[in-house]
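Taken in order, the sequence shown gives residues 398 to 601; the numbers are from this note's numbering. Here a beta-carbon is modelled for each residue, glycine too, at the ideal position from N, C-alpha and C. Everything below concerns the one structure shown next.
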Amino acid sequence: MGRGGYRRRQRILHGNPLTDPLFALKRRVGSDEGLSALLEVTRESLGANCSPNERALVALTLCRLGAPPELVSTSLHWREFEGFCAGLLKSSGFEVREDVRLRKPTAQIDILAQGPSFVLSVDCKHWSRTLTASGLRRFADAQLQRSELFRKTVRADPRPIVSAILTLSEQKERFVEGVAIVPLFTLRDFVGSIEAFRGLLKES
Numbered sequence: 398m399g400r401g402g403y404r405r406r407q408r409i410l411h412g413n414p415l416t417d418p419l420f421a422l423k424r425r426v427g428s429d430e431g432l433s434a435l436l437e438v439t440r441e442s443l444g445a446n447c448s449p450n451e452r453a454l455v456a457l458t459l460c461r462l463g464a465p466p467e468l469v470s471t472s473l474h475w476r477e478f479e480g481f482c483a484g485l486l487k488s489s490g491f492e493v494r495e496d497v498r499l500r501k502p503t504a505q506i507d508i509l510a511q512g513p514s515f516v517l518s519v520d521c522k523h524w525s526r527t528l529t530a531s532g533l534r535r536f537a538d539a540q541l542q543r544s545e546l547f548r549k550t551v552r553a554d555p556r557p558i559v560s561a562i563l564t565l566s567e568q569k570e571r572f573v574e575g576v577a578i579v580p581l582f583t584l585r586d587f588v589g590s591i592e593a594f595r596g597l598l599k600e601s
């Protein structure tokens, strides 16, 4: 989608109360005070350094209140979701690169989060549904291939590259083909405990 299409989508989302997540959350909570309190709880649980009006933060809060992810995800552009994921990883102390382009073959990694002892290769998916095991395997295999391709460009770096898929909604599986499946609201715990998961992760 070009810039014009993206801007039109933003105007539609912000102007339509049926698809504006902030409006939907305020309507569900019923008061500005309650809204602010809920957003702060979500922000603190994520360790996020962001505005309380951040649309991805609002969307996550809606999901935590039981709103169907398939409805919430329609109000959130994938660029917003990726940017929010990158911000959370920066808040966790990672050096973050977004939209990393690879060649031979051509590929792209949504986020590379570089820590002192490992590099996290991230694919961002604000899925509106729970995927089947075969669907998750397909996405996991594709991310592993991208991580292996990136490894060829940084052979001298001794840090292992760990692959992960960040999702808006809960998924049944936590690790598929050596790739971590991480609902966004668990990201802080995942990166803080990654050493405990090393035996379940395939390193590139």
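DSSP places Ser518 in the uninterrupted beta strand (DSSP E) bounded by 516-522. By a beta-carbon distance limit of 8 Å, Ile506 does not contact Leu517. Their separation comes to about 10 Å. Straight across, the Cα-Cα distance linking Ile558 with Gly532 is about 23 Å. Apart from sequence neighbours up to five positions away, the residues of its chain that approach Glu479 with a beta-carbon distance below 6 Å are Asp507, Cys521, ordered along the chain. Counting along the chain, the unbroken beta strand (DSSP E) around Pro580 starts and ends at 576-580. A straight line joining the alpha-carbon of Arg595 with that of Glu477 spans about 30 Å. For Phe572, the secondary structure class from DSSP, reduced to helix, strand or coil, is strand. C-alpha of Phe572 to C-alpha of Phe536: approximately 12 Å in a straight line.
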